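Read through the structure below, which is laid out as structure tokens, and then see the notes.
Number of protein chains: 2
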Amino acid sequence: MRICFVGDSFVNGTGDPECLGWTGRICVAAQKQGYDVTYYNLGVRRETSADIKARWLQEVSCRLSKDYDGRIVFSFGTNDTTIETDKTRIKFVESIENARQILQVAKQRFPVLMVGAPPMLDTEQNSRTVCLLKQFEQICLTIDIPYLDIFATLQKSDTWLQEVADYDGAHPRAAGYQEIANLVQNWSGWQSWLT
Amino acid sequence: MRICFVGDSFVNGTGDPECLGWTGRICVAAQKQGYDVTYYNLGVRRETSADIKARWLQEVSCRLSKDYDGRIVFSFGTNDTTIETDKTRIKFVESIENARQILQVAKQRFPVLMVGAPPMLDTEQNSRTVCLLKQFEQICLTIDIPYLDIFATLQKSDTWLQEVADYDGAHPRAAGYQEIANLVQNWSGWQSWLT
Chain S
1 MRICFVGDSF VNGTGDPECL GWTGRICVAA QKQGYDVTYY NLGVRRETSA DIKARWLQEV
61 SCRLSKDYDG RIVFSFGTND TTIETDKTRI KFVESIENAR QILQVAKQRF PVLMVGAPPM
121 LDTEQNSRTV CLLKQFEQIC LTIDIPYLDI FATLQKSDTW LQEVADYDGA HPRAAGYQEI
181 ANLVQNWSGW QSWLT
Chain H
1 MRICFVGDSF VNGTGDPECL GWTGRICVAA QKQGYDVTYY NLGVRRETSA DIKARWLQEV
61 SCRLSKDYDG RIVFSFGTND TTIETDKTRI KFVESIENAR QILQVAKQRF PVLMVGAPPM
121 LDTEQNSRTV CLLKQFEQIC LTIDIPYLDI FATLQKSDTW LQEVADYDGA HPRAAGYQEI
181 ANLVQNWSGW QSWLT
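In structure tokens form, the structure reads like this:
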């Protein structure tokens with residue numbers, strides 16, 4: 001199985017001193033269970049849904065094929081809701097349209113999962129992100145892509161909040177990424193790929 | 001510092017149950033030394049110099065900028081020398097021209113290092129790969145890119161040869177990738193980025 005993880009800095013694992021992030025951690029765990037996983041990390045810092053829309057298909061196409069059981073996990077959204085020069089980097093309706101287009105095209109080609117975005121320290125941005133994630137979840141429901149919310153659990157996690165506060169206000173360190181990895185590994189969507 | 005590692009399955013770390021490969025291992029070590037490294041792994045299985053020439057600039061451009069101290073490490077060559085339908089996948093002169101073009105363009109934009117390719121079990125392919133790597137080394141010398149040979153050392157490494165033999169004849173497991181990581185970490189080219 002060859003898996004492309006497509007998204008932003010949280011997919012890249014920015015801040016993790018072990019250079020795995022949650023994506024690498026769940027692939028290591030899958031390999032320990034005996035699954036032969038090729039791990040392609042396509043998370044890019046600062047990227048919005050518009051940036052991802054512009055590159056994901058080309059990057060995935062040279063890495064995956066149906067012959068080698070290619071699959072995609074998406075996770076993005078936080079950078080869309082960042083304020084720059086008095087407005088969000090991406091308009092709310094555009095973010096929704098970008099996500100819909102990305103997910104619809106992806107779903108026609110490969111099995112797809114979507115993992116939501118985590119909370120940051122900025123409560124106002126968090127409110128905007130939660131609104132956007134609800135729309136992403138609805139899109140996934142409509143086109144039959146399993147979606148995992150991680151925001152609610154992490155917002156109550158002392159480990160997550162403390163690591164984010166101690167680092168840069170956005171990204172955790174090893175333990176925080178392990179928390180996301182645990183959520184994904186206990187999720188039926190991910191588990192269905194490993195049976 | 002943000003580093004793109006561009007190449008083939010050996011850059012991807014295929015076969016490593018720890019999902020780090022040599023590229024992840026040297027970035028983990030750099031982080032432990034206190035360097036703030038963003039790790040972008042752009043290794044793709046089966047890719048030749050022609051495949052890499054077609055995608056590297058676009059993939060690197062959305063990940064690196066001069067504002068964030070972007071750097072590139074290339075490593076490829078083995079797939080060029082694989083025989084398919086009675087000839088190598090890429091003609092010898094074309095491999096050389098691809099490498100020259102990739103490295104020249106990269107060097108104009110970012111600091112660049114090149115790491116050679118490792119040996120496989122196939123001795124005839126190894127001979128072809130060694131010939132090609134000598135040319136790559138010459139190109140690097142001409143355009144002033146530090147080049148590290150790893151082939152000769154690994155060919156004498158029991159750990160490397162045993163892991164490759166036990167796995168798929170081409171890729172090692174964790175200990176083999178750690179051997180490459182050790183060679184790179186002890187190399188003045190890499191060390192010059194961490195001082």
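Quick note, the sequences are listed as chains S and H, same order. Counted from 1, the first sequence has number 91 at position 91 by full-length UniProt numbering; the numbering is strictly sequential. Counted from 1, the second sequence has number 116 at position 116 by full-length UniProt numbering; the numbering is strictly sequential. Ideal placement from N, C-alpha and C gives every residue a C-beta, glycine not left out. This one's a predicted model, so the numbers in the text were calculated from it and none came from an experiment.
(request) Identify which residue in H:Arg-109, H:Ala-50 and H:Thr-153 has its Cα closest to the Cα of Lys-91 of chain H. (result) Locating residue 91 of chain H in the second sequence gives position 91, counting from the first residue. Checked all of H:Arg-109, H:Ala-50 and H:Thr-153; the closest Cα to Lys-91 of chain H is H:Ala-50.
(request) Determine the DSSP secondary structure at Phe-74 of chain H, reduced to helix, strand or coil. (result) Counted from its first residue, the second sequence places residue 74 of chain H at position 74. Residue state, collapsed to three classes: strand.
(request) Provide the residue(s) that pair with Ile-3 of chain S in DSSP beta bridges, ordered along the chain. (result) Taking the first residue of the first sequence as position 1, residue 3 of chain S is located at position 3. DSSP lists S:Tyr-39 and S:Arg-71 as partners of Ile-3 of chain S.
(message) Tell me the DSSP secondary structure of Thr-85 of chain S in three-state form.
(response) On the first sequence, residue 85 of chain S is found 85 positions in, with the first residue counted as 1. Three-state DSSP puts Thr-85 of chain S in coil, outside helix and strand.
(request) Put Leu-148 of chain S into one of helix, strand or coil per three-state DSSP. (result) As a first step, residue 148 of chain S is located in the first sequence; it is residue number 148 there, counting from the start. In the structure shown, Leu-148 of chain S sits in a strand (DSSP, three-state: E or B).
(message) For a contact defined as C-beta to C-beta under 9 Å, what are the partners of Glu-18 of chain S on chain H?
(response) For the purposes of this step, residue 18 of chain S is identified with residue 18 of the first sequence, where counting begins at 1. Per Cβ cutoff of 9 Å: Leu-20, Gly-24, Val-28 and Gln-31.
(request) Taking a Cβ distance cut-off of 9 Å, strictly less, list which residues of the stretch 49-60 of chain S are near chain H, in chain order. (result) Asp-51, Ala-54, Arg-55, Gln-58 and Glu-59
(request) Measure from the C-beta of Cys-62 of chain S to each C-beta in chain H and report whether the shortest distance is under 8 Å. (result) Along the first sequence, one-based indexing puts residue 62 of chain S at 62. Yes, because at least one Cβ of chain H sits closer than 8 Å to the Cβ of Cys-62 of chain S.
(request) Return the bridge partner residues of Val-112 of chain S from the DSSP annotation. (result) If you number the first sequence from 1, residue 112 of chain S lands on position 112. The partner list for Val-112 of chain S (beta bridge, DSSP) reads S:Ile-72.
(request) With distances taken Cα to Cα, identify the nearest neighbour of Asp-149 of chain S among S:Ile-52, S:Arg-109, S:Phe-136 and S:Asp-69. (result) As a first step, residue 149 of chain S is located in the first sequence; it is residue number 149 there, counting from the start. Of S:Ile-52, S:Arg-109, S:Phe-136 and S:Asp-69, the residue nearest in Cα terms is S:Phe-136.
(request) Return the chain-ordered list of same chain residues with a C-beta closer than 7 Å to the C-beta of Arg-25 of chain H, the five sequence neighbours on each side being excluded. (result) The sequence position of residue 25 of chain H within the second sequence is 25, counting from 1. Result list for Arg-25 of chain H: Tyr-177, Gln-178 and Ala-181, in chain order.
(request) Determine, using beta-carbon pairs with one atom in the stretch 10-17 of chain H and one in the stretch 33-45 of chain H, whether at least three such pairs fall under 8 Å. (result) yes
(request) Throw me the rounded Cβ distance for the Ile-143 of chain H and Lys-87 of chain H pair, which I believe falls under 8 Å. (result) The sequence position of residue 143 of chain H within the second sequence is 143, counting from 1. The sequence position of residue 87 of chain H within the second sequence is 87, counting from 1. Between Lys-87 of chain H and Ile-143 of chain H the Cβ distance is about 29 Å, and since that is not below 8 Å, they are no contact.
(request) Give the single residue among S:Arg-63, S:Gln-185, S:Pro-119 and S:Leu-103 whose Cα lies nearest to the Cα of Val-112 of chain S. (result) Within the first sequence, the letter at position 112 stands for residue 112 of chain S. Residue S:Leu-103 is the option with its Cα nearest to Val-112 of chain S.
(request) Throw me the rounded Cβ distance for the Cys-62 of chain H and Arg-55 of chain S pair, which I believe falls under 8 Å. (result) The residue given as residue 62 of chain H occupies position 62 in the second sequence. The residue given as residue 55 of chain S occupies position 55 in the first sequence. Contact flag correct, Cβ pair sits at about 6 Å.
(request) Using a Cβ cut-off of 8 Å (strictly closer), state whether Thr-14 of chain S contacts chain H. (result) Position 14 of the first sequence, counting from 1, holds the residue named residue 14 of chain S. Taking Cβ atoms only, chain H reaches closer than 8 Å to Thr-14 of chain S, which makes this a yes.
(request) Classify Tyr-147 of chain H as buried or exposed, calling it buried when 16 or more other Cβ atoms lie within 10 Å of its own Cβ. (result) What you label residue 147 of chain H is simply residue 147 of the second sequence in a count that begins at 1. It counts as buried.
(request) Going by CA-CA distance only, name the one from S:Trp-193, S:Val-37, S:Thr-78 and S:Gly-34 that's closest to Lys-134 of chain S. (result) Residue numbering aside, residue 134 of chain S sits at position 134 when the first sequence is read from its first letter. Residue S:Thr-78 is the option with its Cα nearest to Lys-134 of chain S.
(message) Out of H:Ile-52, H:Pro-17 and H:Arg-128, which one is the CA nearest neighbour of Val-105 of chain H?
(response) On the second sequence, residue 105 of chain H is found 105 positions in, with the first residue counted as 1. Residue H:Ile-52 is the option with its Cα nearest to Val-105 of chain H.
(request) Find out if the Cβ-Cβ distance for the pair Leu-121 of chain H, Gly-169 of chain H is shorter than 8 Å. (result) Within the second sequence, residue 121 of chain H is the residue found at index 121, counting from 1. Within the second sequence, residue 169 of chain H is the residue found at index 169, counting from 1. Yes, they are a contact pair.
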